[in-house]
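The structure appears below as structure tokens.
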Amino acid sequence: MIKVAITGNIAAGKSTVEKILREQGYSVLNTDDVGHDLLDGKSDVFKSFPFYIDVAKEVLRAFKGYEILDKSGHICRNKLGKLVFSDKTLLRRLESVIHPLVRLKIYEFFEEHKDETVVFVSVPQLYEAEMQYMFDKVLLVFSEDKYRYKRLLKRDGYTEEYASARINAQMSQVDKLLLCDDCIENDGTIGELKVRIAYLLNEYKHYKPKRVRKP
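Sequence positions in the sequence shown follow full-length UniProt numbering and run 1 to 215.
Here it is, written out as structure tokens:
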């Protein structure tokens, strides 16, 4: 089984790549969704581990004194996001709670799909969290900053200030280009993107890992 990490900065088009891969029958795990489920207190995140961790409780403890709850008393991801993406120290604090469990979910996903030829895991914070060593290949989805900025304003309804904060909170795309194994540019049409994905899929099907990544 070839394990491929999909990464890329915010609004680069990772979700579009994931959708195309799923439509072609490939298994894809989205770690953002895993993080959201953990924050929402869902008890079925892990299927093969006989324990339940109250992540919301851990986050509330880590962010004691900060206003991150909604009117119903649940963690408001929007409030939490605005808080952590304006302060890297707070972002690291949140990641210290979430990332170990995300790693565990990735290992569970690998085990569930061990008989498949190629599997994909979308990890936006791959390099920041040093998770690249869990994979055989790293695929970077790249889009110029000006296009990503426009998508955040139009698609997600972000303010200019919040869009800039989200972009600046991440490692630069240029640095990731120097580290990744493969790159897909997503500044063209869906048709062009599908052609690029098809080429890489053919490469992955015939790929044999040659180096041992750091555990």
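C-beta atoms are modelled at their ideal positions from N, C-alpha and C, and glycine is treated no differently.
Among the bridge pairs identified by DSSP, V141 is matched with I184. When secondary structure is reduced to three states using DSSP, K114 falls in the coil class, being assigned neither helix nor strand.
Around the beta carbon of Q24, fewer than 16 other beta carbons sit within 10 angstroms, so the residue counts as exposed. The residues M171, in chain order, have a CB closer than 6 Å to that of E128 in the same chain once the five nearest residues on each side in sequence are set aside. C-alpha of L201 to C-alpha of M1: approximately 13 Å in a straight line. Using a Cβ distance threshold of 9 Å, D156 and A11 count as a contacting pair. Closest in C-alpha terms to K57, from the list S48, I197, K47, G41, comes G41. Ranked by Cα distance from V102, the first of D87, E130, L80, K88 is E130. The beta carbon of L90 sits closer than 7 Å to the beta carbons of L83, V84 from its chain, once the five residues preceding and following it are set aside; these are given in chain order. By the Cβ-count criterion, S96 is exposed, with fewer than 16 other Cβ atoms from all chains shown falling within 10 Å of its own Cβ.
In the displayed model, N78 falls within a helix according to three-state DSSP. F120 carries a strand assignment under DSSP once its states are collapsed to helix, strand and coil. Secondary structure at N9: coil, using DSSP grouped into helix, strand and coil.
Residue V17 holds the alpha-carbon nearest to the alpha-carbon of E192 among N9, N78, T7, V17. Taken through DSSP and simplified to helix, strand or coil, I2 comes out as strand.
Excluding the 5 residues flanking it on each side, R166 has same chain C-beta neighbours closer than 6 Å at I10, F85, in chain order. With respect to the 9 Å criterion, E116 and Y26 are classified as neighbours on the basis of their beta carbons. Here L29 carries a strand assignment [DSSP, helix/strand/coil].
DSSP places G191 in the uninterrupted alpha helix (DSSP H) bounded by 190-205. In this structure, DSSP gives L179 a helical state, which the three-state scheme calls helix.
In this structure, DSSP gives L126 a state outside helix and strand, which the three-state scheme calls coil. Here K150 is exposed. Its C-beta has fewer than 16 other C-beta atoms within 10 Å. A Cβ-Cβ separation of about 13 Å leaves T7 out of contact with L178 under the 8 Å criterion.
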